[in-house]
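Q: Take a look at the following structure, please.
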Amino acid sequence: MYETNYRLSKLFGFLYGACLLRGENRFVCDAYRRASKVLAHFPEDILSIYEYEGCEGLRRSLKLGKAVISKICHLLESGGYDELTSLKEDLGEAVEFINVRGIGPKTARLLTERGIRTFEDLLRFLEGEEARTIFKSPSRVYESVRFYLSQRHLYTVPEARMIVESFLRLYPSAVAVGEYRRGEPIISVIEFAISEEDAFRLVMSGRYEGGYWMWAGERIPVRLHIYSPEDFGSVLVFATGPERHVMALQRLGDVRGETEEEVYERLGLPYIHPFQRYDGQEVVMALEGSLPPPVLPEDLTGDFHVHTTYSDGSMTPEEAVQAAIRRGYGVVALADHSPSSGGGLNVARLERKRVEIIRLREKYPYIRILHAAEVDILSDGSLDYPDEVLETLDFVIASIHNWGDEEDTTERLLKAMENPHVHVIGHPTGRVLKKRPSYRVDLDRLFRRAEETGKALEVNANPKRMDLDAYALLEGGYGGKVFLGSDAHREWDMDYMWVGCAQVSRARLRREQVGNL
Numbered sequence: 001m002y003e004t005n006y007r008l009s010k011l012f013g014f015l016y017g018a019c020l021l022r023g024e025n026r027f028v029c030d031a032y033r034r035a036s037k038v039l040a041h042f043p044e045d046i047l048s049i050y051e052y053e054g055c056e057g058l059r060r061s062l063k064l065g066k067a068v069i070s071k072i073c074h075l076l077e078s079g080g081y082d083e084l085t086s087l088k089e090d091l092g093e094a095v096e097f098i099n100v101r102g103i104g105p106k107t108a109r110l111l112t113e114r115g116i117r118t119f120e121d122l123l124r125f126l127e128g129e130e131a132r133t134i135f136k137s138p139s140r141v142y143e144s145v146r147f148y149l150s151q152r153h154l155y156t157v158p159e160a161r162m163i164v165e166s167f168l169r170l171y172p173s174a175v176a177v178g179e180y181r182r183g184e185p186i187i188s189v190i191e192f193a194i195s196e197e198d199a200f201r202l203v204m205s206g207r208y209e210g211g212y213w214m215w216a217g218e219r220i221p222v223r224l225h226i227y228s229p230e231d232f233g234s235v236l237v238f239a240t241g242p243e244r245h246v247m248a249l250q251r252l253g254d255v256r257g258e259t260e261e262e263v264y265e266r267l268g269l270p271y272i273h274p275f276q277r278y279d280g281q282e283v284v285m286a287l288e289g290s291l292p293p294p295v296l297p298e299d300l301t302g303d304f305h306v307h308t309t310y311s312d313g314s315m316t317p318e319e320a321v322q323a324a325i326r327r328g329y330g331v332v333a334l335a336d337h338s339p340s341s342g343g344g345l346n347v348a349r350l351e352r353k354r355v356e357i358i359r360l361r362e363k364y365p366y367i368r369i370l371h372a373a374e375v376d377i378l379s380d381g382s383l384d385y386p387d388e389v390l391e392t393l394d395f396v397i398a399s400i401h402n403w404g405d406e407e408d409t410t411e412r413l414l415k416a417m418e419n420p421h422v423h424v425i426g427h428p429t430g431r432v433l434k435k436r437p438s439y440r441v442d443l444d445r446l447f448r449r450a451e452e453t454g455k456a457l458e459v460n461a462n463p464k465r466m467d468l469d470a471y472a473l474l475e476g477g478y479g480g481k482v483f484l485g486s487d488a489h490r491e492w493d494m495d496y497m498w499v500g501c502a503q504v505s506r507a508r509l510r511r512e513q514v515g516n517l
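Just so it is clear: in the sequence shown, position 378 is 378 by our numbering, and no numbers are missing.
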């Protein structure tokens, strides 16, 4: 990640929120959002392309609209980001209101019209009687605000990735450690193991002070672990953690070595992958020879949850197939929404998609292309397509997108499992990281029913979800089957299957439990 790319991505993300808040043209707002995401994942230096090829080069490379490219060129030419500073001063924290569950752009505008510009103002307003003139349930929105504020300082994996890649490009001796290396769904602190030479260079640059890395106009909390060649392995083990894993190792002897492999070998252990390091029990299992091998990205045969332009994805079916081929997969499930969600397909459009998939199978015979669907579980537990349609599909993901209380939600999921055409239950707890917590679901009943029926549960590897995660699977003692799916709506979503692998590995699932292997 390059500094200019990062700055521009952040700027357009803010412009998207400001655009919605001001009630501007929705197409303009969406263009800003797309620009932010494209810039965040673009592998080349935007500034270099501009310097050598100008605006036309940026247009060819980024494939963004003329107005957005013009804005990028203006920012690069002027070298200033005054617009962002001005907007932040004008709108305050109100741009973030739309990130809170239960507050849409129109509601956020109503709040700003009442002079509410900060979360402190918002919480105070929600405690008063006047809040009922805007919200049906102010108390519920109040809880959503509190949840958002509790998560605001945390990083999703894509957010952390931008910082990690930027740091590694500047300091090549560094290794990302801690939660990021373990593949945690959410990251509280970004950590690096770094050589003495690079650490000295970083400090002397004046960009690191008091635990903060000053980069791209931001103060980013970064924790450093300095190593020398002779203790590289032990520093990696300590810095990767977590503490309970390290303590379990220390009970066996000195944690030292030039490589991680040497550290574990000295302790009489096989190498324990970072994905598997958790509560120390994995050390006991490794000693006994009962720790299942980790599931790694290169082990996966395919991606079993990819959306296309037939519903709310940005890839055509052919582009999705090509993306799967580029990742070395032998199978891909093109799973678009049913009518009730995400611009889903009616039966006629589903048939058109089937015909297109038949054509793609002829063109790409070396990959299995599954005609799949993510089918809504309706309020009574029935599915959004009738059985005669479901039986024409190769792979059916049954998901809830409108949730009720624990009993209602659990019963709907259990009923969906009884349908003979369902293969997997999608994102079973419905969480969206940093926006809403998991809905209340009786996971014990869900796990037992999945084991009884042979139906799989999804480990949704979309970086916004990571649902189910390792802790739910491990603590529930799940013994059934899972499928990993990226739930990709854009190609780069497919690049986070490694975090899904981390959930499965940390949950100590056996390889025969993972449908992608």
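Built from N, CA and C at the ideal position, the CB exists for glycine as well.
Here's a check: name, in chain order, each residue in its chain whose Cβ is nearer than 8 Å to the Cβ of ARG223, leaving out the five neighbours to either side.
A: Looking up residue 223 in the sequence shown gives position 223. Around ARG223: GLY178, VAL189, ILE190, GLU191, PHE192 and GLY211.
Q: Which whole-angstrom value is the C-beta distance of LEU378 and ASP384, which I expect to be below 8 Å?
A: Counting from 1 along the sequence shown, the entry for residue 378 is found at position 378. Counting from 1 along the sequence shown, the entry for residue 384 is found at position 384. LEU378 to ASP384, Cβ: 6 Å. Contact.
Q: Can you find a C-beta in chain C that's less than 8 Å from the C-beta of GLY257?
A: Any reference to chain C falls outside this structure, which holds one protein chain only.
Q: Any idea which residues DSSP pairs SER195 with across the strands?
A: The residue you call residue 195 lines up with position 195 of the sequence shown. According to DSSP, SER195 bridges with TYR227.
Q: Could you spell out the range, first to last residue, of the beta strand (DSSP E) harbouring SER399?
A: Counting from one through the sequence shown, the residue named residue 399 turns up at place 399. That run of the beta strand (DSSP E) goes 395-399.
Q: Restricting to Cα atoms, I'd like to know which of SER78, MET1 and LEU110 is closest to LEU21.
A: What you label residue 21 is simply residue 21 of the sequence shown in a count that begins at 1. Taking only the C-alpha atoms, the option nearest LEU21 is LEU110.
Q: Mapping the DSSP letters down to three states, classify ILE358 as helix, strand or coil.
A: As a working mapping, residue 358 is identified with position 358 in the sequence shown. ILE358: helix per DSSP, three-state reduction.
Q: Buried or exposed for HIS337, please, with buried defined as at least 16 other CB atoms from any protein chain shown within 10 angstroms of its CB.
A: Within the sequence shown, residue 337 is the residue found at index 337, counting from 1. Result: buried.
Q: Counting C-beta neighbours from all protein chains within 10 Å, is the total for TYR52 16 or more, i.e. buried, or is it exposed?
A: The count along the sequence shown starts at 1 and reaches residue 52 at position 52. Under this definition TYR52 is an exposed residue.
Q: Thinking C-alpha only, which one of HIS371, GLU143, TYR2 and ASP442 is nearest THR410?
A: In the sequence shown, counting from the first residue as 1, residue 410 sits at position 410. Selected option, being the one with the closest Cα: ASP442.
Q: Is it the case that the CB of GLY79 approaches a heavy atom of the ligand SAM more closely than 7 Å?
A: This structure lacks the ligand SAM, and indeed carries no ligand of any kind.
Q: Classify MET214 as helix, strand or coil using the three-state DSSP reduction.
A: Residue mapping note: residue 214 aligns to position 214 of the sequence shown, counting from 1. DSSP places MET214 in strand when its eight states are reduced to three.
Q: In angstroms with no decimal places, state the Cα-to-Cα distance between ASP408 and GLU458.
A: As a working mapping, residue 408 is identified with position 408 in the sequence shown. As a working mapping, residue 458 is identified with position 458 in the sequence shown. Going by the C-alpha atoms only, they are around 20 Å apart.
Q: Counting C-beta neighbours from all protein chains within 10 Å, is the total for GLU491 16 or more, i.e. buried, or is it exposed?
A: As a position in the sequence shown, residue 491 is number 491, starting the count at 1. With 16 or more other Cβ atoms within 10 Å, it is buried.
Q: Relative to the alpha-carbon of GLY13, which residue among MET1, GLY23, VAL38 and TYR2 has its alpha-carbon at the smallest distance?
A: As a position in the sequence shown, residue 13 is number 13, starting the count at 1. Nearest option by C-alpha distance: VAL38.
Q: With a threshold of 8 Å, are at least 3 pairs of Cβ atoms found where one atom belongs to the region 293-301 and the other to the region 498-505?
A: Enough Cβ pairs lie closer than 8 Å, so yes.
Q: If I measure Cβ to Cβ from SER228 and keep anything under 8 Å in the same chain, skipping five residues before and after, which residues do I get?
A: Indexing the sequence shown from 1 puts residue 228 at position 228. Same-chain partners within the cutoff: SER195 and GLU196.
Q: Write down every uninterrupted run of the alpha helix (DSSP H) in the region 3-87 whose length is 4 residues or greater and which is fully enclosed by it, in chain order.
A: Runs found: 3-22, 26-41, 46-62 and 66-78.
Q: With three or more beta-carbon pairs closer than 8 Å as the criterion, would you say the region 367-376 touches the region 335-352?
A: In short, these stretches touch, since the Cβ pair count reaches three.
Q: Hey, ILE103 and LEU154: beta-carbon distance below 8 Å or not?
A: Taking the first residue of the sequence shown as position 1, residue 103 is located at position 103. Taking the first residue of the sequence shown as position 1, residue 154 is located at position 154. Cβ atoms of ILE103 and LEU154: not closer than 8 Å.
Q: Excluding five sequence neighbours on each side, which residues of the same chain lie with their C-beta closer than 7 Å to the C-beta of TYR16?
A: Position 16 of the sequence shown, counting from 1, holds the residue named residue 16. Cβ within range, chain order: CYS29, TYR32, ARG33 and SER36.
Q: Report the option in ASN99, GLY115, GLU127 and LEU11 whose CA atom is closest to the CA atom of LYS71.
A: Position 71 of the sequence shown, counted from the start, is the residue given in the question as residue 71. If we check each option's Cα against that of LYS71, LEU11 comes out closest.
Q: To the nearest angstrom, how far is the alpha carbon of VAL141 from that of LYS106?
A: Position 141 of the sequence shown, counted from the first residue, corresponds to residue 141. Position 106 of the sequence shown, counted from the first residue, corresponds to residue 106. Cα to Cα, VAL141 sits roughly 15 Å from LYS106.
Q: With a cut-off of 8 Å on the beta carbons, I'd call ARG508 and PRO292 a contact; round off their distance for me.
A: Counting from one through the sequence shown, the residue named residue 508 turns up at place 508. Counting from one through the sequence shown, the residue named residue 292 turns up at place 292. Indeed they touch by this definition, with Cβ atoms about 6 Å apart.
Q: Going by DSSP, what residues sit across from ASN460 in a beta bridge?
A: Along the sequence shown, read from residue 1 onward, the residue named residue 460 stands at position 460. DSSP, once it has assigned bridges, lists ASP467 and GLY485 as partnering ASN460.
Q: My output table needs one value for GLY206: the three-state DSSP class, helix, strand or coil.
A: On the sequence shown, residue 206 is found 206 positions in, with the first residue counted as 1. Correct three-state label for GLY206: coil.
Q: For the alpha helix (DSSP H) that contains ILE103, what are its first and last residues?
A: As a working mapping, residue 103 is identified with position 103 in the sequence shown. Where ILE103 is concerned, there is no enclosing alpha helix (DSSP H), given that its DSSP letter is neither H nor E.
Q: Any idea if PRO172 is buried or exposed, counting beta-carbon neighbours within 10 angstroms, 16 or more meaning buried?
A: Within the sequence shown, residue 172 is the residue found at index 172, counting from 1. Classification of PRO172: exposed, given that the 10 Å Cβ count is below 16.
Q: Can you check the region 409-456 for any alpha helix (DSSP H) of at least 4 residues that lies completely inside it and give the ranges in chain order?
A: Segments of the alpha helix (DSSP H) lying fully in the region 409-456: 443-453.
Q: Please determine, among GLY128, ARG60 and SER78, the residue with the shortest C-alpha to C-alpha distance to THR4.
A: Walking along the sequence shown from the start, residue 4 turns up at place 4. THR4 has its Cα closest to that of SER78, out of GLY128, ARG60 and SER78.
Q: How long is the line joining the alpha carbons of PRO420 and LYS455, rounded to whole angstroms?
A: One-based indexing of the sequence shown puts residue 420 at position 420. One-based indexing of the sequence shown puts residue 455 at position 455. Rounded to the nearest angstrom, the two C-alpha atoms are 9 Å apart.
Q: Give the C-beta separation of MET548 and ARG445 to the nearest angstrom, bearing in mind that I take them to be a contact with Cβ-Cβ under 8 Å.
A: This structure cannot settle anything about residue 548, because the visible part of the chain is limited to 1 through 517.
Q: Give me the Cβ distance between LYS464 and THR85, rounded to the nearest whole Å; I'm assuming they're in contact under 8 Å.
A: The count along the sequence shown starts at 1 and reaches residue 464 at position 464. The count along the sequence shown starts at 1 and reaches residue 85 at position 85. About 29 Å separates the two Cβ atoms, so there is no contact after all.
Q: Quick one: using the 10 Å Cβ neighbour count with 16 as the cut-off for buried, is SER290 buried or exposed?
A: Your numbering for residue 290 matches position 290 in the sequence shown. Exposed is the call here.
Q: Which one of ARG361, GLU351, TYR366 and ILE358 has the shortest CA to CA distance from TYR329?
A: By one-based count along the sequence shown, residue 329 stands at place 329. Of ARG361, GLU351, TYR366 and ILE358, the residue nearest in Cα terms is TYR366.
Q: Compute the Euclidean distance between the alpha carbons of THR316 and VAL424, then round it to the nearest angstrom.
A: On the sequence shown, residue 316 is found 316 positions in, with the first residue counted as 1. On the sequence shown, residue 424 is found 424 positions in, with the first residue counted as 1. Cα to Cα, the separation comes out at about 24 Å.
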